[in-house]
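Quick note: this note's numbering has the sequence shown finishing at residue 163, numbered continuously throughout.
Beta carbons: idealized from backbone N, C-alpha and C, even for Gly.
Structure first, commentary second.
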Amino acid sequence: MSAETHGAETHGAETRSAARAIIDDNLYLVLSTVGADGAPLATPVFYSTEDGRDFYWCSSPDVTHSRNLRHEPRVSIVIFDSRARVGTASPRALYLAGTAEEVTGDEALEGLRVIPGAPERGGHPLTPEDVRTPSPWRVYRARITEYSMVCQRGEGACTEHGLDYEHRATVKL
């Protein structure tokens, strides 16, 4: 069952905190792109972010999702804990929308400052030479413009919006 995005916003500190925890507690995001032929593609990528607005990763410019970004920079992203048990309140997901692109020059250096994040995340630091031709890797950034989460509800309607079906509300980080 998919969730409809509802026009209402959710501003509570608890929701903002939950959204930030999803960003901070996970290693991978699912990046959704669209090819020149209109075909959708969902790809997991290891990400790093400091501010929750700019998400960085490294990929080959030749893989499908990188080629898709050259065609269509608009992206949709989901970050969630795939280990959460069915039927628990835990599988909160954060839905993101924005634009993504390969970054070069000073913007790539900024990405390399952020990537791979804290050592306990398991990534390894990269140098500028690791992401320049002839290396097979480049730095990519998704700049997020919209955040949303499925409203939590128990029995009956969502207390914030009064809706009795699964829906998303915009989150302000």
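Opposing strand residues paired with residue 68 [DSSP bridges]: 20 and 85
Proximal residues to residue 92 (C-beta, below 6 Å), its chain only, five neighbours per side dropped: 128 and 130
Close-in-space but distant-in-sequence residues of the same chain around residue 9 (CB under 7 Å, 5 per side omitted): 84, 137, 139, 161 and 163
Boundaries (first-last residue) of the beta strand (DSSP E) holding residue 26: First-last for residue 26: undefined, no H or E at that position.
Three-state secondary structure (DSSP) of residue 158: strand
Reference residue 109; option with closest CA among 17, 99 and 96: 17
Rounded straight-line distance, which links the Cα of residue 48 to that of residue 113: 11 Å
Alpha-carbon spacing of residue 72 relative to residue 125, whole angstroms: 32 Å
Exposure of residue 159, with buried meaning 16 or more beta-carbon neighbours within 10 Å: buried
Per-residue burial, residue 59 [other beta carbons within 10 Å of its own, 16 or more giving buried]: buried
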